[in-house]
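S.K.: Residue numbers for the sequence shown follow this note's numbering, so the first one is 8 and each next one is one higher.
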Amino acid sequence: MSGPIRGCIATIALAFLSACNPVAPVVNIIAQAGTTGDKEKGITFYIGGAGPVGNVGSWDVPQGLAEAGYEGYVGAFTWQGLTHAGDQINLSRNKAKGAELAYEIRRYRRLNPHQQINLIALSAGTGIATFALEYLSDDIRVENVVYLGCSMSSSYDLTRALRRINGGLYVVHSTRDPILDKLVSRIGTVDRASGDEGIAGMIGFRYPENPSPQTEREYQKLHNVAWRYDFAEAGYEGGHTDATRRDFVRRYIAPVLLGRPEVLVGKPPEGFRRGEPLLDAGRPAPATRPAAEKQAEPPRTAAKSSDAGTPRSVKPAARSTRSRRPATRE
Numbered sequence: 008m009s010g011p012i013r014g015c016i017a018t019i020a021l022a023f024l025s026a027c028n029p030v031a032p033v034v035n036i037i038a039q040a041g042t043t044g045d046k047e048k049g050i051t052f053y054i055g056g057a058g059p060v061g062n063v064g065s066w067d068v069p070q071g072l073a074e075a076g077y078e079g080y081v082g083a084f085t086w087q088g089l090t091h092a093g094d095q096i097n098l099s100r101n102k103a104k105g106a107e108l109a110y111e112i113r114r115y116r117r118l119n120p121h122q123q124i125n126l127i128a129l130s131a132g133t134g135i136a137t138f139a140l141e142y143l144s145d146d147i148r149v150e151n152v153v154y155l156g157c158s159m160s161s162s163y164d165l166t167r168a169l170r171r172i173n174g175g176l177y178v179v180h181s182t183r184d185p186i187l188d189k190l191v192s193r194i195g196t197v198d199r200a201s202g203d204e205g206i207a208g209m210i211g212f213r214y215p216e217n218p219s220p221q222t223e224r225e226y227q228k229l230h231n232v233a234w235r236y237d238f239a240e241a242g243y244e245g246g247h248t249d250a251t252r253r254d255f256v257r258r259y260i261a262p263v264l265l266g267r268p269e270v271l272v273g274k275p276p277e278g279f280r281r282g283e284p285l286l287d288a289g290r291p292a293p294a295t296r297p298a299a300e301k302q303a304e305p306p307r308t309a310a311k312s313s314d315a316g317t318p319r320s321v322k323p324a325a326r327s328t329r330s331r332r333p334a335t336r337e
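Rendered as C-alpha cells:
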C-alpha cells in the first residue's frame with residue numbers, strides 16, 4: 008500500500024474516532040466539578056475553547072478567582088462538540104450555542120436582578136461569548152468580559168457586543184501563541200474570517216473602518232492587553248492556554264472582577280487621554296502589533312561570523328498587513 012493511500016486511510020480513521028469520541032461527556036462533568044462561590048453574590052461564566060478537552064481552565068479559573076477574594080459563583084458553560092476543528096468552523100452551531108448562553112444569562116438576571124454577571128472566555132469560546140452578548144436584549148447587561156487566546160478576527164465589529172457591557176472587555180493577547188499563529192491562521196477564525204486580517208488573540212481587536220459616533224463610544228470599553236514580562240512570573244508565557252493558570256487568574260484577572268482593572272491593563276502614562284494610542288514618543292504606530300507587546304519582547308541576538316564573541320541586537324521583523332487604526336489600550 009502506497010504512502011499517500013495509507014495517509015488518507017489514517018486521516019479518515021482519525022476523523023471517525025474523533026467523531027465517536029466518548030471523552031466529551033466525562034470532560035464536561037469534570038468541568039462542572041470545579042465550580043465555586045455563591046450565586047447570590049454574582050456569577051462568572053467560564054466559556055472554554057474548542058473540542059472535548061476545550062474546557063482547560065475550568066478548575067484553575069474558579070479556584071484562582073476564589074483565592075483572590077471573588078465570592079460569586081464561577082462555573083463552566085459547556086458548549087463543545089466532539090472535534091476541535093468542527094467547533095472552530097461551525098458558525099451556525101456556534102451561534103446557536105451563543106443563544107443558549109444568552110438564555111442562561113437572562114435566566115440568572117431574572118432570578119438575581121441586582122448581582123453582577125461576568126464572562127471569561129478562552130479561544131473559540133470567545134466567539135460563543137460574543138454571540139451571546141449580541142443576542143441579549145437592551146435591558147440585560149453584563150459587567151466585565153475577559154478574553155484569553157481569542158480566536159476571533161481582529162477586524163470583527165464588536166459594537167453590538169460592547170453595547171451589552173457595563174464595564175469593559177479585556178482582551179489579553181500575545182504574538183507568541185502557537186495555536187493561533189500556526190493553526191487558526193490557516194483554518195480561519197471562529198467568526199469565519201480569514202486569518203490574514205489578523206487574529207485578536209495575537210494583536211488585539213481593531214476599530215471598524217469609518218465608525219459611527221455610537222461605535223466610537225462603545226469601543227471606549229475595549230482594552231487590548233498585550234503580553235508583558237510580569238505575566239510570565241504568574242505562569243503566562245504567551246502560550247494559548249497559559250492565561251487560564253490559577254496564579255495568573257488570581258493575580259491579574261480577578262482584580263478586573265473586583266474593581267481594580269488597572270492591575271491587568273497597567274496604569275496609563277501621565278497626561279494620557281482615552282482614545283489615544285499608547286505609543287513610545289517618536290515611534291510610529293505599528294500596522295498590526297500594539298506597541299506594548301513589541302516593547303515587552305526581548306531583542307534577539309545574532310553573532311557575526313567575524314566576531315562571534317560580540318552579539319548584536321536584531322529587532323524582530325514587523326508583520327505586514329492592511330493598515331488599520333488599532334483599538335487603544337489603557
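Each residue gets a CB set at the ideal place from its N, CA and C atoms; glycine is no exception. Every value quoted in this text rests on a predicted model; they were computed, and no experiment measured them.
If you scan the stretch 145–179 from start to end, which runs of the alpha helix (DSSP H) of 4 or more residues do you find wholly inside it?
M.R.: Runs found: 166–169.
S.K.: Could you compute how far the alpha carbon of R183 sits from the alpha carbon of H247?
M.R.: For this step, residue 183 is matched to residue 176 along the sequence shown. For this step, residue 247 is matched to residue 240 along the sequence shown. Rounded to whole angstroms, R183 to H247 spans 8 Å at the Cα level.
S.K.: Using a 10 Å radius around the Cβ and a threshold of 16 neighbouring Cβ atoms, would you call A288 buried or exposed?
M.R.: Residue numbering aside, residue 288 sits at position 281 when the sequence shown is read from its first letter. Its pLDDT being 28, under 50, A288 is placed unreliably by the model, and the measurement read from it follows with that caveat. Within 10 angstroms of the beta-carbon of A288 lie fewer than 16 other beta-carbons, which makes it exposed.
S.K.: Could you pull the start and end residues of the beta strand (DSSP E) that H91 belongs to?
M.R.: As a working mapping, residue 91 is identified with position 84 in the sequence shown. Premise fails: H91 lies in the alpha helix (DSSP H), 91–96, not in any beta strand (DSSP E).
S.K.: Using only alpha-carbon positions, find the residue among Y53, R170, H230, D164 that is nearest to E216.
M.R.: By 1-based counting over the sequence shown, the position of residue 216 is 209. Out of Y53, R170, H230, D164, D164 has the C-alpha closest to the C-alpha of E216.
S.K.: Among A83, F52, R258, G205, which one has its Cα closest to the Cα of S162?
M.R.: In the sequence shown, residue 162 corresponds to position 155, counting from 1. The shortest Cα separation from S162 among A83, F52, R258, G205 belongs to G205.
S.K.: Determine the direct distance from the alpha carbon of G174 to that of R113, and round the result to whole angstroms.
M.R.: Position 106 of the sequence shown, counted from the first residue, corresponds to residue 113. Position 167 of the sequence shown, counted from the first residue, corresponds to residue 174. For R113 and G174, the distance between alpha carbons rounds to 18 Å.
S.K.: To the nearest angstrom, report how far apart K46 and V81 are at their CA atoms.
M.R.: By 1-based counting over the sequence shown, the position of residue 46 is 39. By 1-based counting over the sequence shown, the position of residue 81 is 74. In a straight line, the C-alpha of K46 is about 8 Å away from that of V81.
S.K.: For L143, which option in A239, R167, G134 has the closest C-alpha, if you only look at C-alpha atoms?
M.R.: Locating residue 143 in the sequence shown gives position 136, counting from the first residue. Considering only alpha carbons, the answer is R167.
S.K.: Exposed or buried, what is L264 when buried is set at 16 or more other beta-carbons lying within 10 Å of its beta-carbon?
M.R.: As a first step, residue 264 is located in the sequence shown; it is residue number 257 there, counting from the start. Under this definition L264 is a buried residue.
S.K.: If you reduce the DSSP assignment to three classes, tell me which class K46 lands in.
M.R.: Residue numbering aside, residue 46 sits at position 39 when the sequence shown is read from its first letter. Reduced to three states, the DSSP call for K46 is strand.
S.K.: Which one of A57, S219, R170, T42 has the shortest CA to CA distance from V197?
M.R.: Numbered from 1 along the sequence shown, position 190 holds the residue referred to as residue 197. For the residues A57, S219, R170, T42, the minimum Cα distance to V197 belongs to A57.
S.K.: Can you name, in chain order, every residue of its own chain whose Cβ lies under 6 Å from the Cβ of S130, other than the five neighbours on each side?
M.R.: As a first step, residue 130 must be located in the sequence shown, where it is residue number 123. Same-chain partners within the cutoff: G56, G156, S158.
S.K.: Per DSSP, what kind of secondary structure is D133 in: helix, strand or coil?
M.R.: Position 126 of the sequence shown, counted from the start, is the residue given in the question as residue 133. Strictly speaking, residue 133 in this sequence is Thr, with Asp absent from that position. T133: helix per DSSP, three-state reduction.
S.K.: Look at T51 and G79 and say whether their C-beta atoms are less than 8 Å apart.
M.R.: As a first step, residue 51 is located in the sequence shown; it is residue number 44 there, counting from the start. As a first step, residue 79 is located in the sequence shown; it is residue number 72 there, counting from the start. Yes, the pair counts as a contact, with Cβ atoms nearer than the cut-off.
S.K.: Fully enclosed by the stretch 233–266, which alpha helix (DSSP H) runs are 4 residues long or longer?
M.R.: 236–239, 261–264
S.K.: Cα separation between Q123 and Y110?
M.R.: Indexing the sequence shown from 1 puts residue 123 at position 116. Indexing the sequence shown from 1 puts residue 110 at position 103. Straight-line Cα distance between these residues: approximately 16 Å.
S.K.: Between the alpha carbons of R193 and N119, how many angstroms are there, rounded?
M.R.: Walking along the sequence shown from the start, residue 193 turns up at place 186. Walking along the sequence shown from the start, residue 119 turns up at place 112. Near 43 Å, if we compare the C-alpha coordinates of N119 and R193.
S.K.: Enumerate in chain order the residues of its own chain whose CB-to-CB distance from S313 is below 8 Å, with the five nearest sequence positions on each side excluded.
M.R.: On the sequence shown, residue 313 is found 306 positions in, with the first residue counted as 1. For S313, the predicted structure reports a pLDDT of 40, less than 50, and the residue's modelled location is therefore unreliable. A value from the coordinates is still provided. In the same chain as S313, and ignoring 5 residues on each side of it, no C-beta atom comes closer than 8 Å to its own.
S.K.: Following the continuous beta strand (DSSP E) through V81, name the residue where it begins and the one where it ends.
M.R.: Taking the first residue of the sequence shown as position 1, residue 81 is located at position 74. It spans 79–83 - the beta strand (DSSP E) in which V81 sits, taken as one unbroken run.
S.K.: Take E150 as the anchor and find which of W86, A200, K274, G266 has the nearest alpha-carbon.
M.R.: Here residue 150 refers to the residue found at position 143 when the sequence shown is read from its first residue. The shortest C-alpha separation from E150 is found at G266.
S.K.: Looking at Q87: is its Cβ nearer than 8 Å to the Cβ of P59?
M.R.: Residue mapping note: residue 87 aligns to position 80 of the sequence shown, counting from 1. Residue mapping note: residue 59 aligns to position 52 of the sequence shown, counting from 1. It is a contact, given that the beta carbons lie within the stated cut-off.
S.K.: From Y115 to I147, what does the alpha carbon distance come to, in whole angstroms?
M.R.: Locating residue 115 in the sequence shown gives position 108, where the first residue counts as 1. Locating residue 147 in the sequence shown gives position 140, where the first residue counts as 1. Distance between the alpha carbons of Y115 and I147 is about 10 Å.
S.K.: Would you check if the stretch 88–103 and the stretch 134–141 touch, i.e. whether three or more CB-CB distances between them fall below 8 Å?
M.R.: yes
S.K.: Out of Y259, G245, F138, state which residue places its alpha-carbon closest to the alpha-carbon of I186.
M.R.: Within the sequence shown, the letter at position 179 stands for residue 186. Of the listed residues, the one whose Cα sits closest to I186 is G245.
S.K.: Report back the beta-carbon spacing between A200 and S160 to the nearest angstrom; my notes put them in contact at under 8 Å.
M.R.: Locating residue 200 in the sequence shown gives position 193, counting from the first residue. Locating residue 160 in the sequence shown gives position 153, counting from the first residue. Contact holds; Cβ gap of about 4 Å.
S.K.: With distances taken from CA atoms, which of P218, Q227, T251, R258 is nearest D237?
M.R.: Residue mapping note: residue 237 aligns to position 230 of the sequence shown, counting from 1. The residue with the shortest Cα to Cα distance from D237 is R258.
S.K.: In the DSSP output, what is N125 paired with across the bridge?
M.R.: The count along the sequence shown starts at 1 and reaches residue 125 at position 118. In the DSSP output, where bridge partners are listed per residue, N125 has T51, N151.
S.K.: What is the DSSP secondary structure of E304, reduced to helix, strand or coil?
M.R.: Working through the sequence shown from its first residue, we reach residue 304 at position 297. Residue confidence is low: E304 scores 45 on pLDDT, short of 50, so the model does not pin down where it sits. No coordinate-derived value is stated.
S.K.: What does DSSP give as the partner residue(s) for I206 in the beta ladder?
M.R.: Walking along the sequence shown from the start, residue 206 turns up at place 199. Partner(s): S160.
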